[in-house]
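Beneath this line is the structure, given in structure tokens, with notes to follow.
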Amino acid sequence: MQKQLLLILAIAGLFLAGCSSTPESEDKTEVESLTAQELTTKAKSALNAGNYTRAIELMEEIDTRYPFGRISEQVKLDLIFAYFKKGTYDQGQLQADRFIRQHPQHKSLDYVYYMKGIMYYEQERGFLKDLLSADIHKRDTTNLKAAFDSFRSLVQVYPDSDYAPDARQRMIQVKNLLAQHELHIAKFYMARDSYVGAANRAKYIVEAYPKSSSVPQALEILVNSYKFLDIPELSEQYRRVLLLNYPGYELAEF
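In short: position in the sequence shown from 1, add 3, done, that's the working numbering.
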């Protein structure tokens with residue numbers, strides 16, 4: 004009986020010893036034993052294969068082990084792209100900000116500003132859909148404004164960058180989205196007979212987004228809101244501006 008008990012304990016000990024070495028710990032040990040070149044090769048292979056989680060793990064290991072020099076600079080740029088592809092935009096934006104602070108004169112800074120803007124932009128993919136929502140007046144536009152600021156920094160500092168043309172187009176798109184957001188809020192106020200609020204929002208559209216597609220409707224709201232506020236001179240002024248700039252516009256009468 005005692006021999007059987009000892010045999011069972013011995014088998015259990017062997018089982019526990021086998022379990023103590025998990026795939027995760029073996030993988031960590033393998034990564035720690037790799038050279039910089041081997042890590043870089045594996046990270047690029049994972050990135051190209053679409054295994055972004057693995058690529059990020061390897062790149063972060065490189066970044067931790069080699070925080071300075073050309074290897075470090077390139078892996079930081081690759082991390083921005085990997086975070087973007089994985090959809091972890093917050094981490095990508097933090098990485099971009101860190102790179103801008105650490106390498107303010109880097110030759111690839113235009114790319115960093117571009118990717119930062121793209122990540123903010125991608126976070127608002129559902130914005131157009133949300134414009135149809137009844138609660139659009141509560142919609143936060145922080146990410147859209149941050150995207151615009153990043154693209155603007157790019158085109159101002161690097162006007163001849165390969166990324167500048169697309170950044171300019173996205174700036175126009177963002178402005179139109181922001182203007183539409185303000186327009187929906189102005190309409191929200193008009194529907195509730197809050198004419199001062201409607202006029203203020205509409206005026207902001209005309210001043211802040213003068214080239215946006217929302218300007219004609221904003222001018223129309225100004226015409227009608229001042230009419231309801233019994234300020235006929237301002238109502239007439241904006242009516243003339245509207246018909247002068249958009250002669251074919253059909254002004255709705257309230």
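Backbone N, C-alpha and C fix where the C-beta goes; we use that ideal spot for every residue, glycine too.
- Message: Taking the straight line between their C-alpha atoms, what separation do you get for residue 59 and residue 46?
- Response: Counting from 1 along the sequence shown, the entry for residue 59 is found at position 56. Counting from 1 along the sequence shown, the entry for residue 46 is found at position 43. Each residue's Cα considered, the two are about 7 Å apart.
- Query: What are the boundary residues of the alpha helix (DSSP H) that includes residue 54?
  - Reply: Within the sequence shown, numbered from 1, the residue matching residue 54 stands at position 51. Here residue 54 belongs to no alpha helix (DSSP H), and DSSP marks it neither H nor E.
- Query: Looking at the unbroken alpha helix (DSSP H) that takes in residue 192, where does it start and where does it end?
  - Reply: Reading the sequence shown from its first residue, position 189 is the one you call residue 192. Counting along the chain, the alpha helix (DSSP H) containing residue 192 begins and ends at 167-194.
- Would DSSP call residue 71 helix, strand or coil? The residue you call residue 71 lines up with position 68 of the sequence shown. Residue 71: coil per DSSP, three-state reduction.
- Run of the alpha helix (DSSP H) containing residue 230, from where it starts to where it stops: Mapped onto the sequence shown, residue 230 falls at position 227. That run of the alpha helix (DSSP H) goes 218-231.
- Task: If I'm right that residue 96 touches residue 123 with Cβ under 8 Å, what's the distance once you round it to whole angstroms?
- Result: On the sequence shown, residue 96 is found 93 positions in, with the first residue counted as 1. On the sequence shown, residue 123 is found 120 positions in, with the first residue counted as 1. Going by Cβ atoms, the distance from residue 96 to residue 123 rounds to 7 Å, so yes, they are a contact pair.
- Would residue 114 be called buried (16 or more neighbouring beta carbons within 10 Å of its own) or exposed? Translated into positions along the sequence shown, residue 114 becomes position 111. Buried.
- Query: Looking only at its own chain, which residues have a Cβ that is under 7 Å from the Cβ of residue 116, when we skip the five neighbours before and after it?
  - Reply: Translated into the one-based positions of the sequence shown, residue 116 becomes position 113. Result list for residue 116: 153, 156 and 157, in chain order.
- Would you mind sorting residue 189 into buried or exposed? The rule is 16 or more other CB atoms within 10 Å of its CB. Here residue 189 is taken as the residue at index 186 of the sequence shown, counted from 1. Residue 189 comes out buried.
- Message: Quick check: what's the CA-CA separation for residue 206 versus residue 183?
- Response: Numbered from 1 along the sequence shown, position 203 holds the residue referred to as residue 206. Numbered from 1 along the sequence shown, position 180 holds the residue referred to as residue 183. If you take the alpha carbons of residue 206 and residue 183, they lie about 13 Å apart.
- Message: As a quick exercise: from 235, 226 and 212, pick the residue whose alpha carbon is nearest that of residue 151.
- Response: Mapped onto the sequence shown, residue 151 falls at position 148. Nearest C-alpha to residue 151: 212.
- Message: For residue 180 and residue 225, which I take to be in contact (beta-carbon distance under 8 Å), what is that distance rounded to the nearest angstrom?
- Response: By one-based count along the sequence shown, residue 180 stands at place 177. By one-based count along the sequence shown, residue 225 stands at place 222. Contact flag wrong, Cβ pair sits at about 21 Å.
- Mind checking which residues open and close the alpha helix (DSSP H) that includes residue 120? Within the sequence shown, residue 120 is the residue found at index 117, counting from 1. Counting along the chain, the alpha helix (DSSP H) containing residue 120 begins and ends at 112-125.
- Message: Measuring only the C-alpha atoms, how far is residue 252 from residue 192?
- Response: As a first step, residue 252 is located in the sequence shown; it is residue number 249 there, counting from the start. As a first step, residue 192 is located in the sequence shown; it is residue number 189 there, counting from the start. Whole-angstrom Cα-Cα distance: 22 Å.
- Query: Of the choices 177, 165 and 77, whose alpha-carbon is the least far from that of residue 120?
  - Reply: Position 117 of the sequence shown, counting from 1, holds the residue named residue 120. Ranking the options by Cα distance to residue 120, first place goes to 177.
- Task: Give the DSSP-derived three-state secondary structure of residue 200 in the structure shown.
- Result: Locating residue 200 in the sequence shown gives position 197, counting from the first residue. Residue 200 falls in the helix class under three-state DSSP.
- Item | Burial state of residue 159 (16 or more Cβ within 10 Å) | As a first step, residue 159 is located in the sequence shown; it is residue number 156 there, counting from the start. Residue 159 comes out exposed.
- Query: With respect to the alpha helix (DSSP H) encompassing residue 103, which residues constitute its N-terminal and C-terminal limits?
  - Reply: Taking the sequence shown and counting its residues from 1, the one referred to as residue 103 is at position 100. Its alpha helix (DSSP H) spans residues 92-105.
- Answer yes or no: do residue 238 and residue 229 have a C-beta to C-beta separation smaller than 9 Å? Here residue 238 refers to the residue found at position 235 of the sequence shown. Here residue 229 refers to the residue found at position 226 of the sequence shown. Cβ distance < 9 Å, so residue 238 and residue 229 count as in contact.
- Query: What is the DSSP secondary structure of residue 108, counted as helix, strand or coil?
  - Reply: The residue you call residue 108 lines up with position 105 of the sequence shown. Coil.
- Item | Proximity below 9 Å, CB of residue 83 to CB of residue 105 | Here residue 83 is taken as the residue at index 80 of the sequence shown, counted from 1. Here residue 105 is taken as the residue at index 102 of the sequence shown, counted from 1. No, these two residues do not count as a Cβ contact at 9 Å.
- Message: According to DSSP, is residue 142 part of a helix, a strand, or is it coil?
- Response: The sequence position of residue 142 within the sequence shown is 139, counting from 1. Coil, per DSSP.
- Query: Which residue from 81, 175 and 209 puts its Cα closest to that of residue 111?
  - Reply: Numbered from 1 along the sequence shown, position 108 holds the residue referred to as residue 111. For residue 111, the nearest C-alpha among the options comes from 81.
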